[in-house]
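A.B. asks: Quick note: to get this note's numbering, add 3 to the position in the sequence shown (first position is 1). A virtual CB, placed ideally from N, CA and C, is assigned to each residue, including glycine. Remember, it's a predicted structure, so these values are computed and weren't measured experimentally.
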Amino acid sequence: MTHPHLRVETDGPVRTLTLDHPEKRNAQTPSLWAALAEEARSLPEDVRVVVLRGAGDAFSAGIDTAMFTTSGVPGEESVAQLAAGGPRAIQRGIAGYQQGFTAWAACPAVVVAQVHGYAIGAGFQLALAADLRVAALDAWFAMRETSLGLVPDLGGTGPLVHLVGYARALEICATGRKVSAPEAHSIGLVGSLAPAADLEDATGSLVDALLAAPAPALRALKPLLRGAVGGDREGQLAREREAQTGLLQAMLGGLGA
Numbered sequence: 004m005t006h007p008h009l010r011v012e013t014d015g016p017v018r019t020l021t022l023d024h025p026e027k028r029n030a031q032t033p034s035l036w037a038a039l040a041e042e043a044r045s046l047p048e049d050v051r052v053v054v055l056r057g058a059g060d061a062f063s064a065g066i067d068t069a070m071f072t073t074s075g076v077p078g079e080e081s082v083a084q085l086a087a088g089g090p091r092a093i094q095r096g097i098a099g100y101q102q103g104f105t106a107w108a109a110c111p112a113v114v115v116a117q118v119h120g121y122a123i124g125a126g127f128q129l130a131l132a133a134d135l136r137v138a139a140l141d142a143w144f145a146m147r148e149t150s151l152g153l154v155p156d157l158g159g160t161g162p163l164v165h166l167v168g169y170a171r172a173l174e175i176c177a178t179g180r181k182v183s184a185p186e187a188h189s190i191g192l193v194g195s196l197a198p199a200a201d202l203e204d205a206t207g208s209l210v211d212a213l214l215a216a217p218a219p220a221l222r223a224l225k226p227l228l229r230g231a232v233g234g235d236r237e238g239q240l241a242r243e244r245e246a247q248t249g250l251l252q253a254m255l256g257g258l259g260a
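#1: With three or more beta-carbon pairs closer than 8 Å as the criterion, would you say the segment 218-227 touches the segment 107-117?
#2: Would you mind listing the beta strand (DSSP E) stretches within the segment 187-236 that are 3+ residues and don't spill past its ends, in chain order?
#3: Check this for me: beta carbons of D67 and V53, under 8 Å apart or not?
#4: Using three-state DSSP, classify A30 as helix, strand or coil.
#5: Can you give me the C-alpha to C-alpha distance between H188 and E79, rounded to a whole angstrom?
#6: On a Cα-Cα basis, can you pick out the residue from C176, R147, G191 and G152 that is closest to V167?
#7: Considering just the uninterrupted stretch of the alpha helix (DSSP H) at I97, what are its terminal residues?
#8: Assign G2 to buried or exposed, taking buried as 16 or more other Cβ atoms, counted over all protein chains shown, within 10 Å of its Cβ.
#9: So what does DSSP say about H165, is it helix, strand or coil?
#10: Does the beta carbon of G103 come closer than 8 Å to any beta carbon on chain C?
#11: Look at the Cβ atom of D122, then the Cβ atom of A130, and state whether they are nearer than 8 Å.
#12: According to DSSP, simplified to helix, strand and coil, what is R147?
#13: Hey, is the segment 231-240 in contact with the segment 54-64, meaning 3+ C-beta pairs nearer than 8 Å?
#14: Would G152 be called buried (16 or more neighbouring beta carbons within 10 Å of its own) or exposed?
#15: Can you grab the Cα-Cα spacing for the pair P155 / R136, in whole Å?
#16: Tell me the rounded alpha-carbon separation between R171 and E41.
#17: By DSSP's criteria, S63 is part of a beta bridge. Which residues make up the other side?
#18: Can you tell me which of L214, S183 and S34 puts its alpha carbon nearest to the alpha carbon of F104?
#19: Measure the Cβ-Cβ separation of A184 and D141 and say whether it is below 8 Å.
#20: Looking only at its own chain, which residues have a Cβ that is under 7 Å from the Cβ of H24, when we skip the five neighbours before and after it?
#21: Kindly indicate the opening and closing residues of the alpha helix (DSSP H) around L85.
#22: State buried or exposed for A220, treating a residue as buried only when at least 16 other CB atoms are found within 10 Å of its CB.
#23: For S208 and W36, what's the separation of their Cα atoms in angstroms?
#24: For G238, is the classification buried or exposed, using 16 other Cβ atoms within 10 angstroms of its Cβ as the cut-off for buried?
Below you can see the structure in the form of structure tokens.
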């Protein structure tokens, strides 16, 4: 096990990564993001499909909000500690965090997010980091960062705009509202829906269909189509970091300025 809250299981060409902290609705921390990045970078060549999922009643309710408190999360860098180093330290820190999300685009396997319950903030952005999304009818998505005075900064802004368009992405992020699974499907955020009881079967059917394609063709297809999306990915990630740096410094009284 690479992280106490990340369960990794491999069944032939399929690897399943389960966020496994159900008592906190799979809240995320920097050490989890580091573990996710390492999983993506070290994926064996014979793994053709990766499934990202959450244990318990939610995919992920987002960042562990204890990181915003003075006590923080034991063993994790708090937001105040991150901000204390000044703008460059903030951006270096966020750049490291982003790897837990962006590394999945570079890995050769097709990544499927299996979403049920909440996918909020970092949870929403992890779903966006996948190539494909399957959602239970009870799932809902929300970008709550703006309501906290922040912006999404874990690689989610680019994929969201590409999937649903600028205006709808702006409205979803600015209002922080819930997007139901049926709406997510209708606007192109989610590829397929299933009743909660059938979500595993629906994901399995998609995985089987992906594995039915010849392996060399599937490996060539992912970078080919991702390259066609266009846009400057690294520039977008930098813009996320820059925007968040100013907001974090203002929130925490300019620590390290």
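C.D. replies: In short, the structure shows the following:
#1: In this structure the segment 218-227 touches the segment 107-117; the number of beta carbon pairs closer than 8 Å is three or more.
#2: Annotation note: the segment 187-236 contains the following uninterrupted beta strand (DSSP E) runs of length 3 or greater, listed N- to C-terminal: 195-197.
#3: Contact: no.
#4: Looking at A30 - three-state DSSP - the assignment turns out to be coil, as it is neither helix nor strand.
#5: Their backbone Cα atoms lie some 35 Å apart in a straight line.
#6: Nearest to V167 by C-alpha distance, out of C176, R147, G191 and G152, is G191.
#7: Unbroken alpha helix (DSSP H) run through I97: P90 to A109.
#8: Lying outside 4 to 260, the shown extent of the chain, residue 2 is not represented and no answer is given.
#9: Here H165 sits in helix by DSSP.
#10: Any reference to chain C falls outside this structure, which holds one protein chain only.
#11: The sequence given here places Ala at residue 122; Asp does not occur at that position. One thing to note: A122 has its Cβ within 8 Å of the Cβ of A130.
#12: Here DSSP, grouped into helix, strand and coil, assigns R147 to coil.
#13: They do not touch, by the three-pair rule.
#14: That one is exposed.
#15: Going from the Cα of P155 to the Cα of R136 covers about 19 Å.
#16: Cα to Cα, R171 sits roughly 33 Å from E41.
#17: Partner residues in the beta bridge of S63, as assigned by DSSP, are A122.
#18: Selected option, being the one with the closest Cα: S34.
#19: Yes, they are a contact pair.
#20: If we look at H24 and ignore the five residues flanking it on each side, its Cβ neighbours are H8 and A30.
#21: Start and end: V82 to A87.
#22: Exposed.
#23: C-alpha separation (whole angstroms): 28 Å.
#24: Exposed is the call here.
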